[in-house]
Amino acid sequence: MGTSVGIGFSMRKNPVEAGHEAATAALEQAGGAKPDFVMVFATVGYHQQRLIAAIRQATSGAPLCGCSGEGIIAQEEVAETNFAVGVMVIASDELRFATASISGIGEGGDVAGQRLAEKIAPLVAADSRALFLLADGLRFDFDPFVAAFEGGLAESARLPIFGGLAADNWASRKTYQYHDDEVLSDGACCVVMSGKGQVAWGINHGCVPVGTKRTITRSKGNIIYEIDGVSALEVLKQYLDEEWAIKWNKATLNLCLGFKTPEHLRQGYEEYFIRYITDKDDREGSVTIQSDVAEGTELWIVRRDKELMMNGLRSIPKQIKEQLCGDPPKFVLQFECMGRGRVVFKEQERMELVKSLQRDLGEKVPWLGFYTYGEIGPIRKHNCFHNFTSVVTVVY
25 MGTSVGIGFS MRKNPVEAGH EAATAALEQA GGAKPDFVMV FATVGYHQQR LIAAIRQATS
85 GAPLCGCSGE GIIAQEEVAE TNFAVGVMVI ASDELRFATA SISGIGEGGD VAGQRLAEKI
145 APLVAADSRA LFLLADGLRF DFDPFVAAFE GGLAESARLP IFGGLAADNW ASRKTYQYHD
205 DEVLSDGACC VVMSGKGQVA WGINHGCVPV GTKRTITRSK GNIIYEIDGV SALEVLKQYL
265 DEEWAIKWNK ATLNLCLGFK TPEHLRQGYE EYFIRYITDK DDREGSVTIQ SDVAEGTELW
325 IVRRDKELMM NGLRSIPKQI KEQLCGDPPK FVLQFECMGR GRVVFKEQER MELVKSLQRD
385 LGEKVPWLGF YTYGEIGPIR KHNCFHNFTS VVTVVY
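Numbering-wise, the sequence shown is residues 25 to 420 according to our numbering.
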């Protein structure tokens, strides 16, 4: 049989109709075989439980993993709207998929990492190839999570991690994670992929510094209190217009923080890691990012550059083809930052960027992705967290 993959998409507003339409289209494209695994990305206008129930029914209760996104990227569609759902179904005698989930990740990244490792350990086999991770984009702290997660696994069980953080269309109130029949919030779900397959990937962000080097002088975990001895908010105000306080989300889409890429990761990556500023505390004058940072760390204020983003996205197929060595892709998963969507590109531009990737990697290759609150993808052999970044993952 090999591997059969189908993609379905719907923008119907009724959750049952949308779930059924997307799942049915995916099954038809895959040849009608009963799926071994289902991946789902959807936006938050739907009643989430009804949507997932409809997809589960249509796909005969196959193992399911997914999450909510700011928008959906599918074979022929790029939709940033409250009502969009994309479904990927996979039937294969070459690949195996094992799913797991946890709730309560806001209790602490280290605790969440330990708990997920305990669930993952029995699922990892000698031929396991990758872990796809989807987590709440409002509660996730990557650094303590990945340290505890990898520390809880035998070295032979550690896998490259790909994925994205669930989003809720800019509301920053509640995101959703899907595991079989469950719809979680404040959770993380994942799938271990094993069998006769390999993974190739490409990563690019396209941001440039707009100021001189600065230094974090007071921080705790992922909260930055002072930069160069001044409150973090006071420093950022120098780069923002007068309306920054009432248009915080818009302001932080144009400016973010850049940290020098560590030397052991520098080869094959850009000069800076990018961090989105997820929250602020006006009283403390602090800002929060999605990974931990130590006092004494150097940083740069950076901004998106549209031309660099477009050129960088076009460079991703080259990165991937060097790894494929001529082997044909089975399917593609794309994890794209919400800050690289409609806030930067017009609808036609977004579609053309995706189409250019598809032309380079194969227009017929099944393709599904979503706009995230943060992206996960390895640099060399190190699992890393990204913002304002595109992570394109190819299974072949």
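Ideal Cβ placement from N, Cα and C applies to all residues, glycine included.
Would you mind giving the Cβ-Cβ distance between residue i and residue j, rounded to the nearest angstrom? I have them listed as a contact below 8 Å.
i, j, result
"A98", "G110", "4 Å"
"V234", "I301", "Contact flag wrong, Cβ pair sits at about 14 Å."
"P184", "V223", "6 Å"
"A50", "S92", "That belief does not hold up - the Cβ atoms of A50 and S92 are roughly 18 Å apart, past 8 Å."
"D60", "A86", "6 Å"
"W225", "V416", "6 Å"
Which residue from the options puts its Cα closest to that of residue i?
i, options, result
"F33", "A46, V62 and E41", "A46"
"L357", "A108, A82, S414 and K271", "S414"
"F409", "V40, T48, F164 and S243", "F164"
"V418", "E360, E373 and P353", "P353"
"M63", "K330, C213, L264 and R139", "C213"
"A159", "L147, A191 and A145", "A191"
"V135", "F166, I403, R242 and L377", "F166"
"I227", "I403, S28 and I31", "I403"
"G43", "G137, F61, H71 and I298", "H71"
So, with DSSP's three-state summary, where would you put residue i?
i, result
"E258", "helix"
"T276", "helix"
"N106", "coil"
"L426", "The chain is shown only over 25 to 420; residue 426 falls outside these bounds and no answer can be derived."
"F164", "coil"
"I126", "strand"
"A190", "strand"
"N228", "strand"
"S339", "helix"
"R290", "helix"
"V170", "helix"
"M112", "strand"
"S380", "helix"
"A90", "Going by the sequence as given, residue 90 is Gly instead of Ala. DSSP places G90 in strand when its eight states are reduced to three."
Out of curiosity, what's the CA-to-CA distance linking residue i and residue j?
i, j, result
"V113", "F355", "10 Å"
"G95", "A108", "7 Å"
"M25", "G55", "11 Å"
"S255", "Q262", "12 Å"
"G130", "E387", "40 Å"
"R327", "C231", "5 Å"
"N273", "M362", "12 Å"
"K330", "Q81", "42 Å"
"G320", "I313", "16 Å"
"W391", "G253", "47 Å"
"L289", "L155", "20 Å"
"K58", "V40", "20 Å"
"D384", "P341", "6 Å"
"V368", "L332", "12 Å"
"S315", "V68", "25 Å"
**Prompt:** Should the segment 114 to 128 be called in touch with the segment 206 to 223, which here means at least 3 C-beta pairs below 8 Å?
**Reply:** The segment 114 to 128, when compared against the segment 206 to 223, does touch it at the 8 Å Cβ threshold.
**Contact between the segment 189 to 202 and the segment 246 to 254 (3+ Cβ pairs under 8 Å)** = In this structure the segment 189 to 202 does not touch the segment 246 to 254; the number of beta carbon pairs closer than 8 Å is below three.
**Prompt:** Is there contact between the segment 216 to 235 and the segment 148 to 162, where contact requires at least three CB pairs shorter than 8 Å?
**Reply:** As far as the Cβ criterion goes, the segment 216 to 235 touches the segment 148 to 162, which means the pair count is three or higher.
**Message:** Assess contact between the segment 334 to 352 and the segment 68 to 76, defined as three or more Cβ pairs (one per stretch) separated by less than 8 Å. Is contact present?
**Reply:** No, the segment 334 to 352 does not touch the segment 68 to 76.
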